[in-house]
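Taken in sequence, the protein lines are chains A and B.
When we follow my numbering, the leftmost residue of the first sequence carries the number 1, and every step to the right adds one.
When we follow my numbering, the leftmost residue of the second sequence carries the number 297, and every step to the right adds one.
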Amino acid sequence: MIYSELKSFGYPVINPFGDDFLDHKFTSNIEELDHDEENGELTAKIYHTVPNFIKTLAKNKKVKFLTVLRCNFTSFETHRIYYESDQTLSFSSKDCSGKISIDSYIVCNEVLKIGKEIEKKYINKFYHSLDKSYKKNTLIGFSEPLQFSLEPELNAPISSIFEIIDKKSVEKGCLVYDFSENLIRIYLHKDDLGIYKRIENTFGNERKAHLDILTSVVLIPALSAALFAYSKEHDSNSLTWKSTLYAKLKELNMDPDHIQPEDINTLANKIIYSDKDKSLTQLLNSIKFLGAEYDE
Amino acid sequence: MMNNKNELIQFVNENDLYKRIKNHLKDYKNFEREKILKRLDGKTFKYENSTINISQFTNLIPSNSIDAEVNNSKIIYESLMTEDGELKRYIASYNSLWTYLAHTHLFDFMVSIKNQRKRKVPMQDIPKFFFSYSEVKKKVDNSSRALIRNNYLSYLWWSYRIALKCEKLDTNTVLEWIFTDEDFSGTLFERPSISHIDSVFGGVVRFAIYEIPHDWSNKGYELFDKIEGNKITKRDFYRDFAKRLNAKGGFINFELLSEDEMLQECKEIKETMMLNYKIHHTKTD
Numbered sequence: 001m002i003y004s005e006l007k008s009f010g011y012p013v014i015n016p017f018g019d020d021f022l023d024h025k026f027t028s029n030i031e032e033l034d035h036d037e038e039n040g041e042l043t044a045k046i047y048h049t050v051p052n053f054i055k056t057l058a059k060n061k062k063v064k065f066l067t068v069l070r071c072n073f074t075s076f077e078t079h080r081i082y083y084e085s086d087q088t089l090s091f092s093s094k095d096c097s098g099k100i101s102i103d104s105y106i107v108c109n110e111v112l113k114i115g116k117e118i119e120k121k122y123i124n125k126f127y128h129s130l131d132k133s134y135k136k137n138t139l140i141g142f143s144e145p146l147q148f149s150l151e152p153e154l155n156a157p158i159s160s161i162f163e164i165i166d167k168k169s170v171e172k173g174c175l176v177y178d179f180s181e182n183l184i185r186i187y188l189h190k191d192d193l194g195i196y197k198r199i200e201n202t203f204g205n206e207r208k209a210h211l212d213i214l215t216s217v218v219l220i221p222a223l224s225a226a227l228f229a230y231s232k233e234h235d236s237n238s239l240t241w242k243s244t245l246y247a248k249l250k251e252l253n254m255d256p257d258h259i260q261p262e263d264i265n266t267l268a269n270k271i272i273y274s275d276k277d278k279s280l281t282q283l284l285n286s287i288k289f290l291g292a293e294y295d296e
Numbered sequence: 297m298m299n300n301k302n303e304l305i306q307f308v309n310e311n312d313l314y315k316r317i318k319n320h321l322k323d324y325k326n327f328e329r330e331k332i333l334k335r336l337d338g339k340t341f342k343y344e345n346s347t348i349n350i351s352q353f354t355n356l357i358p359s360n361s362i363d364a365e366v367n368n369s370k371i372i373y374e375s376l377m378t379e380d381g382e383l384k385r386y387i388a389s390y391n392s393l394w395t396y397l398a399h400t401h402l403f404d405f406m407v408s409i410k411n412q413r414k415r416k417v418p419m420q421d422i423p424k425f426f427f428s429y430s431e432v433k434k435k436v437d438n439s440s441r442a443l444i445r446n447n448y449l450s451y452l453w454w455s456y457r458i459a460l461k462c463e464k465l466d467t468n469t470v471l472e473w474i475f476t477d478e479d480f481s482g483t484l485f486e487r488p489s490i491s492h493i494d495s496v497f498g499g500v501v502r503f504a505i506y507e508i509p510h511d512w513s514n515k516g517y518e519l520f521d522k523i524e525g526n527k528i529t530k531r532d533f534y535r536d537f538a539k540r541l542n543a544k545g546g547f548i549n550f551e552l553l554s555e556d557e558m559l560q561e562c563k564e565i566k567e568t569m570m571l572n573y574k575i576h577h578t579k580t581d
């Protein structure tokens with residue numbers, strides 16, 4: 001099922017936006033997502049906010065929670081079914097690459113009728129006269145899809161090779177880099193990251209302006225540092241950020257084997273702005289889902 | 297003893313590969329593999345735990361007849377392995393893997409196929425056949441749909457993999473069906489929302505094989521014998537069916553259904569379609 005806030009079902013469906021179930025909403029959140037790359041396992045602690053009557057229906061196995069993991073790049077889909085609103089789910093990550101989406105639904109486990117199992121007091125008056133039964137496996141609720149990035153594709157936008165994380169030990173206004181992982185880690189002070197996370201609540205030109213600032217203040221300096229590190233050591237392109245950087249340099253007809261220190265800043269600008277539109281969209285996704293405090 | 301297992305390698309950057317060769321396409325006709333590779337000059341990426349076993353490649357049949365494709369898809373699928381089994385989906389989703397294989401281990405096979413056009417599907421032109429390159433978009437088509445219809449090796453591998461996952465049908469039966477019925481392939485098999493969910497595809501392909509007639513003529517078929525003279529072409533039938541299946545998928549999570557339940561959903565859609573055709577026919581009388 002393709003998610004859309006505007007989707008009309010013709011019968012009451014609980015979701016984060018509408019008033020089919022009056023003030024009751026269905027939202028989902030993943031507080032922890034662990035990716036064990038070595039064993040190819042992805043563990044998600046998922047929490048659903050649902051009204052008590054839905055919890056009771058689930059407890060009595062009249063409805064079930066369905067969580068679907070989708071990866072567009074590999075066209076992979078897998079799902080889990082459960083009856084508790086808080087659940088730890090494990091998936092194989094070996095069939096995924098790049099962006100994944102984790103979508104949750106509430107689905108009928110048997111025939112349910114409005115006015116019987118679904119009491120009218122919970123639903124909008126608009127539907128009170130509806131003579132409708134929910135068939136088994138019919139959708140009765142959906143929440144907003146949650147998106148995450150695993151390892152980026154080889155030819156992904158350049159911003160997908162960054163992880164932006166807040167770290168207590170980093171001073172305000174400073175950036176600290178780590179190039180030893182598949183993705184380039186950029187550590188910021190919590191307050192600084194908070195400023196960039198406000199982008200989530202901006203739109204149109206305001207969002208564009210915020211992203212431009214982030215690109216200039218965080219990404220270009222980080223990419224310059226990465227290019228410098230790459231110019232010193234790139235015998236193997238086994239790390240994802242290195243292979244992506246290699247591809248970007250080739251795309252721009254630059255010689256990855258001969259990067260001159262005086263060219264690094266110009267190169268960083270060229271790479272970032274070569275796929276800027278894609279970068280900004282990708283970047284927004286990255287920021288939205290990163291930012292967990294990280295102090296070892 | 298000769299070791300036939302090779303490390304699996306792919307090109308790193310795929311978008312400019314075709315541009316480098318497009319003025320020298322005669323090299324393909326002349327089996328000039330080394331010349332082509334030199335012109336491509338692509339940087340490569342090596343997978344640590346995945347291999348290609350070339351020992352079976354002598355059994356590939358250089359033809360794109362149905363029987364040959366059934367045979368070849370099995371060989372291509374089984375020759376690519378990761379240490380714990382089949383090739384991982386994320387690796388098989390890179391067009392540049394297939395482009396690399398098409399220009400190295402399987403170059404002669406690819407050129408032989410290209411030189412012997414027996415069927416129109418899949419597309420036989422070099423940009424798509426070797427590179428999955430779209431002349432319209434001027435770049436490699438990375439869509440899921442392109443993976444099962446552009447690069448010929450990718451088409452064979454993914455077809456076998458998808459067919460293998462059908463629980464209640466023999467893999468060869470499914471392969472023969474998807475290689476034979478171009479309308480089914482174009483309308484249903486190439487849709488990732490259908491072919492990449494095992495139970496959904498299993499139900500849909502069983503419906504196609506067992507529940508609808510096979511003897512469609514070019515003028516269409518009197519599918520509904522109670523409605524004389526109301527012919528429908530197979531292509532239109534599949535399109536209408538796909539549209540309705542898609543709409544139904546907005547209300548029911550097909551992921552939850554077994555193959556049998558999916559087959560039942562398909563039958564219900566067909567019943568609705570027949571009713572609809574009947575009403576439409578009655579109105580136009």
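Glycine residues also receive a C-beta, built at the ideal position from the N, C-alpha and C atoms.
Delimiting residues of the beta strand (DSSP E) encompassing residue i
| i | result |
| --- | --- |
| Gly141(A) | 139–142 |
| Ile106(A) | 99–108 |
| Lys339(B) | From DSSP, Lys339(B) is part of no beta strand (DSSP E); its letter is neither H nor E. |
Element boundaries [alpha helix (DSSP H), containing residue i]
| i | result |
| --- | --- |
| His210(A) | 204–214 |
| Phe403(B) | 403–411 |
| Ile195(A) | 190–197 |
| Phe503(B) | 494–507 |
| Lys315(B) | 313–317 |
| Asp261(B) | Since the first and last residues shown for chain B are 297 and 581, residue 261(B) lies out of range. |
| Glu374(B) | 362–375 |
| Asn52(A) | 52–59 |
| Arg457(B) | 448–460 |
| Phe475(B) | 467–476 |
Pairwise C-alpha distance: residue j and residue i
| i | j | result |
| --- | --- | --- |
| Val432(B) | Phe475(B) | 26 Å |
| Thr27(A) | Thr467(B) | 41 Å |
| Asp255(A) | Ser489(B) | 41 Å |
| Asp421(B) | Tyr105(A) | 44 Å |
| His401(B) | Ser392(B) | 14 Å |
| Ala225(A) | Ser243(A) | 16 Å |
| Glu31(A) | Ala44(A) | 8 Å |
| Ile123(A) | Asn109(A) | 19 Å |
| Ile332(B) | Thr529(B) | 44 Å |
| Gly546(B) | Arg540(B) | 10 Å |
| Leu154(A) | Val308(B) | Confidence at Leu154(A) is low in this model, with a pLDDT of 49, below 50, so the placement of that residue is unreliable and no value is reported for it. |
| Asp103(A) | His48(A) | 11 Å |
| Val417(B) | Asn368(B) | Interpretation of Val417(B) is limited by its pLDDT of 44, a score under 50 that renders its predicted location unreliable; the figure taken from the coordinates is listed afterwards. Cα-Cα distance, rounded: 15 Å. |
| Ser440(B) | Leu239(A) | 25 Å |
| Asn411(B) | Ile305(B) | 26 Å |
| Leu211(A) | Ile199(A) | 7 Å |
Residue of the options minimising C-alpha distance to residue i
| i | options | result |
| --- | --- | --- |
| Glu564(B) | Phe503(B), Lys574(B), Ser554(B), Arg445(B) | Phe503(B) |
| Phe550(B) | Gly173(A), Arg198(A), Glu77(A) | Glu77(A) |
| Lys25(A) | Glu5(A), Glu31(A), Gly40(A) | Glu5(A) |
| Leu33(A) | Phe148(A), Arg185(A), Leu112(A), Lys232(A) | Phe148(A) |
| Lys435(B) | Arg441(B), Lys301(B), Lys424(B), Ile444(B) | Lys424(B) |
| Thr378(B) | Ser359(B), Val366(B), Ser346(B), Thr354(B) | Ser346(B) |
| Tyr83(A) | Leu211(A), Lys116(A), Leu267(A), Lys61(A) | Lys61(A) |
| Leu183(A) | Leu223(A), Ala209(A), His189(A), Pro145(A) | Leu223(A) |
| Ser75(A) | Asn300(B), Cys562(B), Ile493(B), Leu449(B) | Ile493(B) |
| Asn39(A) | Ser90(A), Gly204(A), Glu181(A), Glu117(A) | Ser90(A) |
| Ser481(B) | Met558(B), Tyr314(B), Arg531(B) | Arg531(B) |
| Glu463(B) | Glu382(B), Glu555(B), Asp536(B) | Glu555(B) |
| Asn326(B) | Asp437(B), Ser408(B), Phe533(B), Ile350(B) | Ser408(B) |
| Pro145(A) | Leu193(A), Asp263(A), Thr202(A), Cys71(A) | Cys71(A) |
| Phe179(A) | Ile14(A), Ile259(A), Lys232(A) | Lys232(A) |
| Ser365(B) | Ile575(B), Trp454(B), Glu567(B) | The displayed chain sequence assigns Glu, not Ser, to residue 365(B). Of the candidates Ile575(B), Trp454(B), Glu567(B), the one whose C-alpha sits nearest the C-alpha of Glu365(B) is Trp454(B). |
CB of residue i within 9 Å of CB of residue j, strictly
| i | j | result |
| --- | --- | --- |
| Ser430(B) | Asn447(B) | no |
| Val63(A) | Gly10(A) | no |
| Lys384(B) | Tyr456(B) | no |
| Glu220(A) | Ala268(A) | Residue 220(A) is actually Ile in this sequence, not Glu. In this structure, Ala268(A) lies closer than 9 Å to Ile220(A) by Cβ. |
| Asp36(A) | Ser93(A) | yes |
| Leu66(A) | Ile46(A) | no |
| Lys461(B) | Phe485(B) | no |
| Pro358(B) | Phe426(B) | no |
Integer Cβ distance of residue i from residue j, believed to fall under 8 Å
| i | j | result |
| --- | --- | --- |
| Gly98(A) | Leu150(A) | 6 Å |
| Ile186(A) | Phe162(A) | 6 Å |
| Thr483(B) | Ala543(B) | With a Cβ gap of about 15 Å, Thr483(B) and Ala543(B) do not count as contacting. |
| Ile583(B) | Leu452(B) | With chain B represented from 297 up to 581, any question about residue 583(B) goes unanswered, as that position is not in the structure. |
| Lys339(B) | Lys208(A) | Not really, about 34 Å apart at Cβ, beyond 8 Å. |
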